[in-house]
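Throughout the sequence shown, residue numbering follows the numbering used here, covering 48 to 206 in sequence.
We put the beta carbon where it would ideally sit given N, CA and C, even for glycine.
All figures in this text were calculated on a predicted structure; none of them were measured in a lab.
See structure below.
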Amino acid sequence: MTRAAVLGVALLALGASRAPRAFRFEPDAQAELRRLWVASSEAKTERVACLTGDIRGDTVRVTRILPLTGWADSLTASARQSLDTCAPPRWQGTVHTHVALRDGTRPYSRFSGADRGVNRIWWRRWKVDGVFCVLFSATDAYCEIDGPRGLAIFPRSTY
């Protein structure tokens with residue numbers, strides 16, 4: 048069974064009342080996420096990566112990240128590369144950075160409307176639940192599991 052199928056079956060088996068309650072970024076994924084954030088901060092533009100992981104108990108574990116090259120942000124570039132590259136069964140979703148600041152001080156710590164549109168296209172295309180995160184600081188992420196079975200929100204996870 049593929050990782051995406053395992054993730055989907057696990058979510059279905061857990062049911063709405065027993066959905067995962069935590070996000071954990073494993074060491075290899077943490078290192079890649081930190082590199083992604085630094086590159087994004089230095090370039091002052093969004094960066095995106097594929098992500099993969101699994102569910103153990105009540106925790107979603109992100110185990111691996113693949114940064115994509117040549118991708119800017121949702122306002123200036125097509126999401127096609129992430130939709131094509133970050134596909135199941137190898138990948139379960141995407142992560143991207145938000146380095147722009149609202150009011151010059153506060154980060155955008157949630158998905159934009161355009162981000163949600165890309166997430167929706169992803170899970171509709173692949174017909175499985177996807178894992179989507181946005182990095183909004185050097186250590187913090189907002190993550191969701193979204194797809195045909197519904198939405199689970201993890202408003203603040205540390206990577």
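For residue i, the three-state DSSP class (helix, strand or coil)
| i | result |
| --- | --- |
| GLU73 | coil |
| THR144 | strand |
| SER159 | coil |
| GLY164 | helix |
| ALA134 | coil |
| LEU122 | Because the pLDDT at LEU122 is just 48, under 50, the model does not fix this residue reliably, and the value given afterwards should be weighed accordingly. It is coil, neither helix nor strand. |
Cβ-based burial, residue i [other Cβ within 10 Å; buried from 16]
| i | result |
| --- | --- |
| ARG94 | buried |
| VAL85 | exposed |
| PRO135 | buried |
| ASP162 | buried |
| GLY194 | buried |
| ASP120 | In this prediction, ASP120 scores a pLDDT of 49, lower than 50, which makes its location untrustworthy; no coordinate-derived value is stated. |
| PRO202 | exposed |
| THR141 | buried |
| ALA185 | exposed |
Contact with chain C by residue i, beta-carbon distance below 8 Å
| i | result |
| --- | --- |
| TRP138 | This model lacks chain C altogether; it includes just one protein chain. |
Which residues DSSP lists as bridging residue i, in chain order
| i | result |
| --- | --- |
| TYR220 | The first residue shown for the chain is 48 and the last is 206, placing residue 220 beyond what the model contains. |
| LEU98 | ILE112, GLY140 |
| VAL107 | PHE70, ILE102 |
| LEU198 | ASP193 |
| ARG153 | ARG149 |
Beta-carbon proximity check, residue i vs residue j, cutoff 8 Å
| i | j | result |
| --- | --- | --- |
| PRO114 | GLU79 | yes |
| GLN139 | GLY177 | yes |
| TYR155 | HIS143 | no |
| ARG16 | TYR189 | No information on residue 16 is available, as it lies outside the stretch 48 to 206 that the chain covers here. |
| LEU198 | LEU83 | no |
Query raised in the report: Counting pairs of Cβ atoms below 8 Å between the segment 93–107 and the segment 150–157, do you hit three or more?
Result: Segment contact: the segment 93–107 against the segment 150–157, fewer than three CB-CB distances shorter than 8 Å; contact not assigned.
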